[in-house]
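Novice: Line by line, the protein sequences are chains A and B.
Numbers 3 to 113, taken from my numbering, label the letters of the first sequence in order.
Numbers 6 to 118, taken from my numbering, label the letters of the second sequence in order.
Glycine included, C-beta positions come from ideal geometry on N, C-alpha and C.
Okay, handing you the structure first.
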Amino acid sequence: TQLLEQSPQFLSIQEGENLTVYCNSSSVFSSLQWYRQEPGEGPVLLVTVVTGGEVKKLKRLTFQFGDARKDSSLHITAAQPGDTGLYLCAGASTNAGKSTFGDGTTLTVKP
Amino acid sequence: DARVTQTPRHKVTEMGQEVTMRCQPILGHNTVFWYRQTMMQGLELLAYFRNRAPLDDSGMPKDRFSAEMPDATLATLKIQPSEPRDSAVYFCASGLSGADTQYFGPGTRLTVL
């Protein structure tokens, strides 16, 4: 069974601070997705990383896929209250047809 | 703006009643997933379909849950009889086989009293 562990589980910071959340596994994934979920809504895709060592930037968000494709990180620079939400990582394996989701990191950014 | 739609958005029912949740995947998507989300368990995969055929329903309690795709534009998840422990938010997601991205609906919040 493939498991994805996310840390920290909860994070509360002030507006303007930087933060990093992690997604770790002992399994190798063909790709990894990061989603953000706001209260009362479904998860929304932020990014997909495919290549080991890949770094993708989305405005103030930086995503990195580990060299061995077993882990990933999400770094947010100068967090804003609008970044508040549940961040989920999901790993997909070739031919599996389905993804494994982590338990998520709940981020609260206070004004 | 293509979206996954789910109905109803909220459902409150009494223990023992039948509950049916519906999902309309994005037109053209051939893979449909059903998830359940709770604070304790996070996001759990219940079942998924490809080209309307069930591929994996190992995450679903077989005795009371059933999932079907009567046609390519409709997926259903049924609970009969419902129990208080079924209270959760149920999400449907769709995607294309061979692609890892899933597009989630807004969810159905189920409360079983």
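#1: Using Cβ-Cβ distances below 9 Å, what residues of the segment 42-53 of chain A are close to chain B?
#2: At a CB distance below 8 Å, what residues from the segment 54-66 of chain B approach chain A? Give them in sequence order.
#3: Quick one: what's got a C-beta closer than 6 Å to B:Tyr-53's C-beta in the same chain, skipping five residues either side?
#4: Going by beta carbon distance, what residues of the same chain come within less than 7 Å of B:Pro-13, once the five residues before and after it are set aside?
#5: Name the two residues that bound the continuous beta strand (DSSP E) containing B:Asp-76.
#6: Taking 6 Å as the cut-off, is the beta-carbon of B:Gln-85 closer than that to any non-hydrogen atom of the ligand MG?
#7: If I follow the unbroken beta strand (DSSP E) through A:Asn-26, where does it start and stop?
#8: Are the C-beta of B:Gly-133 and some C-beta of chain A separated by less than 7 Å?
#9: Just to confirm, is the Cβ distance from A:Arg-71 to A:Val-30 under 7 Å?
#10: Thinking C-alpha only, which one of B:Tyr-40, B:Leu-115, B:Cys-97, B:Ala-104 is nearest B:Thr-10?
#11: Chain A partners of B:Phe-70, CB-CB under 7 Å?
#12: Taking its Cβ as the centre, do 16 or more other Cβ atoms sit within 10 Å of A:Ser-32, making it buried, or is it exposed?
#13: Check the Cβ-Cβ distances between B:Leu-48 and every residue of chain A, and say whether any is below 7 Å.
#14: Would you grab the beta carbon distance between A:Thr-79 and A:Phe-67 for me? Rounded to a whole angstrom, and I think it's under 8 Å.
#15: So, helix, strand or coil for A:Pro-83, using DSSP?
#16: Should A:Gly-93 and A:Thr-86 be called a contact, given that it needs their Cβ atoms to be closer than 7 Å?
#17: Could you tell me whether the Cβ atoms of A:Ser-75 and A:Tyr-24 are closer together than 7 Å?
Specialist: Quick look at the numbers:
#1: Gly-42, Glu-43, Gly-44, Pro-45, Val-46, Leu-47, Thr-50, Val-52
#2: Arg-55, Leu-60, Asp-61
#3: Counting from one through the second sequence, the residue named residue 53 of chain B turns up at place 48. Cβ neighbours of B:Tyr-53 beyond the five flanking positions: Phe-38, Leu-60, Asp-61.
#4: Here residue 13 of chain B refers to the residue found at position 8 of the second sequence. So the list reads Thr-113, once near-sequence residues are dropped.
#5: Residue 76 of chain B sits at position 71 when you count from the first residue of the second sequence. 70-76 is the span of the beta strand (DSSP E), which, as asked, contains B:Asp-76.
#6: You won't find the ligand MG in this model; it holds no ligand whatsoever.
#7: Taking the first residue of the first sequence as 1, we reach residue 26 of chain A at position 24. Note, A:Asn-26: beta strand (DSSP E), 21-26.
#8: The requested residue 133 of chain B is not part of the displayed model; chain B covers only 6 to 118.
#9: Within the first sequence, numbered from 1, the residue matching residue 71 of chain A stands at position 69. Within the first sequence, numbered from 1, the residue matching residue 30 of chain A stands at position 28. A contact, by the Cβ cut-off of 7 Å.
#10: For the purposes of this step, residue 10 of chain B is taken as residue 5 along the second sequence, with counting starting at 1. For the residues B:Tyr-40, B:Leu-115, B:Cys-97, B:Ala-104, the minimum Cα distance to B:Thr-10 belongs to B:Cys-97.
#11: Start at 1 with the first residue of the second sequence, and residue 70 of chain B comes out as number 65. None at all; the shortest Cβ gap to chain A is about 17 Å.
#12: Position 30 of the first sequence, counted from the start, is the residue given in the question as residue 32 of chain A. Answer is exposed; the Cβ neighbour count stays below 16.
#13: Taking the first residue of the second sequence as 1, we reach residue 48 of chain B at position 43. Yes, B:Leu-48 lies at the interface with chain A (some Cβ there is under 7 Å from its Cβ).
#14: To locate residue 79 of chain A, count along the first sequence from 1; it is residue 77. To locate residue 67 of chain A, count along the first sequence from 1; it is residue 65. Going by Cβ atoms, the distance from A:Thr-79 to A:Phe-67 rounds to 19 Å, so no, they are not a contact pair.
#15: By 1-based counting over the first sequence, the position of residue 83 of chain A is 81. Here A:Pro-83 sits in helix by DSSP.
#16: Position 91 of the first sequence, counted from the first residue, corresponds to residue 93 of chain A. Position 84 of the first sequence, counted from the first residue, corresponds to residue 86 of chain A. Contact flag unset, no.
#17: As a working mapping, residue 75 of chain A is identified with position 73 in the first sequence. As a working mapping, residue 24 of chain A is identified with position 22 in the first sequence. Yes, Cβ-Cβ distance for A:Ser-75 and A:Tyr-24 is below 7 Å.
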